[in-house]
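Asks: Have a look at this one.
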Amino acid sequence: MPAGEPAAAWPETDLFAAVVHELRQPLTVIRGQLQLGIRQIGKDAIRERGSIDLAIAQVDRMDRLLGEMLDPSVLASSGLGLVSVAFDVVRAIVDAIGRHDDGDTRRISFEWPHGTVHVCGDPDRTAQILDNVLGNALRYSPPKTPIEVSLTIVGAEAQIRIADHGLGVPADERARLFTPFFRTSSSRDVPGTGLGLHISKRLAERQDGRLWLEASSSAGSVFALELPVAMSGRESA
Numbered sequence: 155m156p157a158g159e160p161a162a163a164w165p166e167t168d169l170f171a172a173v174v175h176e177l178r179q180p181l182t183v184i185r186g187q188l189q190l191g192i193r194q195i196g197k198d199a200i201r202e203r204g205s206i207d208l209a210i211a212q213v214d215r216m217d218r219l220l221g222e223m224l225d226p227s228v229l230a231s232s233g234l235g236l237v238s239v240a241f242d243v244v245r246a247i248v249d250a251i252g253r254h255d256d257g258d259t260r261r262i263s264f265e266w267p268h269g270t271v272h273v274c275g276d277p278d279r280t281a282q283i284l285d286n287v288l289g290n291a292l293r294y295s296p297p298k299t300p301i302e303v304s305l306t307i308v309g310a311e312a313q314i315r316i317a318d319h320g321l322g323v324p325a326d327e328r329a330r331l332f333t334p335f336f337r338t339s340s341s342r343d344v345p346g347t348g349l350g351l352h353i354s355k356r357l358a359e360r361q362d363g364r365l366w367l368e369a370s371s372s373a374g375s376v377f378a379l380e381l382p383v384a385m386s387g388r389e390s391a
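Below is the structure:
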C-alpha cells in the first residue's frame, strides 16, 4: 500500500491482495534462513532438526494459504478457497498448541471430552483461526501466565474456548474488535496488523461457524470458536 494512502481508498480485493503480498515476502526470508540452519546443524542434533522441519512445514503451509487467497477467482467470490470435510478437531487443537510451544507446555492447558470429536469444515482454515487466536492469547499475556483451552459439545456444535490472563478489551472498543486494522488502545504497543481477528471471523463464518469475544476484563479475555459437529462425529476413547 503506498505510504499515506488510506485503506478506505482501496477496493477491498486490492487491499486484501496487497496485504497478502506483504505477508508473503518475509516468509521467503524465513524459509531461507531455516534451510540454512538445517545445513549448519550437526547430524546428531535430531531434536533441533525436527523443530526446524516443523517450522519449515508451517512456513510452507502459510505460504500456500496466502497463495490461495491471491487467486483472482477467490478474491472475486470472497470464497477464500475453503473446503468442507470431516476432521478431528481435538487433533487440530493439540497440533495448534504444539506450534505455539515455547518450551513450557504447562503454560497452555487443554480440556476436552474423552475421545475424538469430528467437525465439518476446512482443516487448514481452522488451523489458521486457532493459530491467530492462540497467538494473540500468548502475545497479549504476561510471560508464564496460563492459557486455558477447552472443547465442549453444545447440541450440534463444537465450541472451542481460549482464555488468557492478558490485557483485556476495553468495553467501549469491543464492537470494533473484528473490524479490519482495528487495534485496541491496550494493545497498540504490541506488534500486530489488526487483521487476524477480522480474517478469522470471516473464515469461521464461511465454515458455518462463528467466532466471538465471550468475555473480557482487566484479568483477561475468553474467545470462542464454534464449528458444526460432523454427523456421527463423536467417538469414545
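Residue numbers (my numbering): 155 to 391.
Using N, Cα and C, we set each Cβ at its ideal position, and we do this for glycine too.
1) Return the Cβ separation of isoleucine 316 and valine 287 in integer angstroms, given the expectation that the two are a contact with Cβ distance under 8 Å.
2) Can you name, in chain order, every residue of its own chain whose Cβ lies under 8 Å from the Cβ of isoleucine 251, other than the five neighbours on each side?
3) Who are the near neighbours of leucine 188 in its chain, counting only those whose CB is closer than 8 Å to its CB and skipping five residues on each side?
4) Taking the C-alpha atoms as reference points, what is the distance between proline 334 and leucine 379?
5) Rounding to the nearest angstrom, what Cα-Cα distance links cysteine 274 and leucine 365 in this structure?
6) On a CA-only basis, which of Gly269, Met216, Arg253 is nearest aspartate 242? Give me that one, please.
7) Could you name the residues that DSSP lists as bridge partners for histidine 272?
8) Measuring only the C-alpha atoms, how far is proline 96 from aspartate 318?
9) Which whole-angstrom value describes the C-beta separation of isoleucine 283 and serine 354, a residue pair presumed to lie in contact below a C-beta threshold of 8 Å?
10) Since threonine 333 sits in a beta bridge, which residues does DSSP pair it with?
11) How long is the line joining the alpha carbons of glycine 350 and tryptophan 266, rounded to whole angstroms?
12) Once the 5 residues before and after serine 372 are set aside, which same chain residues still bring their CB inside 7 Å of it?
13) Please go through the same chain and pick out, in chain order, the residues whose beta-carbon is closer than 6 Å to the beta-carbon of leucine 305, but skip the five residues on each side of it.
Replies: Walking through what the data contain:
1) About 5 Å separates the CB atoms of isoleucine 316 and valine 287; that is less than 8 Å, so the two are in contact.
2) Scanning its chain for C-beta atoms nearer than 8 Å, with the 5 sequence neighbours on each side dropped, one finds around isoleucine 251 the residues Thr259, Ile262, Phe264, Leu288, Val303, in chain order.
3) Result list for leucine 188: Ile206, Ala209, Ile210, Val213, in chain order.
4) Their backbone Cα atoms lie some 19 Å apart in a straight line.
5) The alpha-carbon atoms of cysteine 274 and leucine 365 are separated by roughly 15 Å.
6) Ranked by how close their Cα comes to the Cα of aspartate 242, the residues Gly269, Met216, Arg253 have Gly269 in first place.
7) DSSP lists Asp242 as the beta-bridge partner residues of histidine 272.
8) The requested residue 96 is not part of the displayed model; the chain covers only 155 to 391.
9) Right, their Cβ atoms sit about 4 Å apart.
10) Paired residue(s): none; threonine 333 is not in a bridge.
11) Computed Cα separation, rounded: 25 Å.
12) For serine 372, where only same-chain residues beyond five positions count, the Cβ hits under 7 Å are Gly322.
13) Around leucine 305: Trp266, Ile314.
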